[in-house]
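Numbering (our numbering), first residue to last: 1 to 196. We put the beta carbon where it would ideally sit given N, CA and C, even for glycine. Notes follow once the structure below has been shown.
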Amino acid sequence: MLENTQQLFTISASDADNDALLVRWFLDDDNLTQQQPCQGGQQCNSSYTYQPNFFSSGVHSVRMEVSDGQASAQKQWQVTVQNVPAPDFTVLQVWKQTPKNRDPRPGERAVFGIRLKNIGETSASTIYEVNYGDGTPVFRSSSFSLGVGKTKTIGVNHRYASPGTYNLTVKVDPDNTRPELREDNNVGNLIVNVHN
1 MLENTQQLFT ISASDADNDA LLVRWFLDDD NLTQQQPCQG GQQCNSSYTY QPNFFSSGVH
61 SVRMEVSDGQ ASAQKQWQVT VQNVPAPDFT VLQVWKQTPK NRDPRPGERA VFGIRLKNIG
121 ETSASTIYEV NYGDGTPVFR SSSFSLGVGK TKTIGVNHRY ASPGTYNLTV KVDPDNTRPE
181 LREDNNVGNL IVNVHN
């Protein structure tokens, strides 16, 4: 199977004495679930979905154990997870370009620079959004492609209506539509002070 996909494992079990059964699932000998009871006298059905992330390539063991409290049985599967190259978009920097050497005034056009980079293993398309932190609509870009190791520098502008301190936030792949190596590095911030 490939990284960032899923595989369903299912079992059916019953007990000759109609004893209640308990089922546990393991991944590489780590217990994945609490014991799941099944009613005695009935067939016990249980399943586990394995979803390896982008750091899971290699051979793994999925094991199920069923027990009536005195005797137990188990089934084991060997799973080979193949590496899948993935993008990893990050916000490197957010900065104020103009006005230079001072904070913007209310109603004045301020230009902000944004630098994005794909630090992943493959090229991909994405979008970014800018929330200016003042309640105005969030700006969403059109889709663009970003190659491996490539950066994209963007300029955006905004006019703040009132004095105050605002948290300008930039998110790349804001809806997490593109599976990435990491999802925790997609945001950049800048505190913007607006004075009269």
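Counting along the chain, where does the beta strand (DSSP E) carrying S162 start and finish?
It is not in any beta strand (DSSP E) - S162 carries neither H nor E in the DSSP assignment.
What are the boundary residues of the beta strand (DSSP E) that includes S56?
Per DSSP, S56 belongs to no beta strand (DSSP E) and is neither H nor E.
Using only the alpha-carbon positions, how far apart do N83 and E3 sit?
So the two alpha carbons sit approximately 6 Å from each other.
Identify whether H158 lies in helix, strand or coil by the three-state DSSP scheme.
Here H158 sits in strand by DSSP.
Is there contact here, the stretch 51-64 with the stretch 97-107, by at least three beta-carbon pairs under 8 Å?
Short answer: they don't touch.
In angstroms, rounded to a whole number, what distance separates the CA positions of T98 and R159?
Going from the Cα of T98 to the Cα of R159 covers about 12 Å.
So the candidates are Y48, Q74, A86, G69; which of them puts its Cα closest to the Cα of S56?
When each option's Cα is compared against that of S56, the closest is A86.
Which word fits T90, buried or exposed, when buried means at least 16 other C-beta atoms lie within 10 angstroms of its C-beta?
Classification for T90: buried.
Might you give, ordered along the chain, the residues of its own chain that have their beta carbon closer than 6 Å to the beta carbon of D28, omitting 5 neighbours on each side?
Around D28: H60, S61.
Give the DSSP-derived three-state secondary structure of M64 in the structure shown.
DSSP places M64 in strand when its eight states are reduced to three.
Output the boundary residues of the beta strand (DSSP E) element that contains Y50.
Segment 44-50, the beta strand (DSSP E) holding Y50.
Ignore the nearest five residues each way along the sequence and tell me which others in N176's own chain have a CB closer than 7 Å to its CB.
So the list reads E183, once near-sequence residues are dropped.
Alpha carbons only, please: which of I191, N18, N185, M1 is nearest the one belonging to V81?
Closest option to V81, Cα to Cα, is M1.
List the DSSP bridge partners of I127.
I127 pairs with nothing; no bridge assigned.
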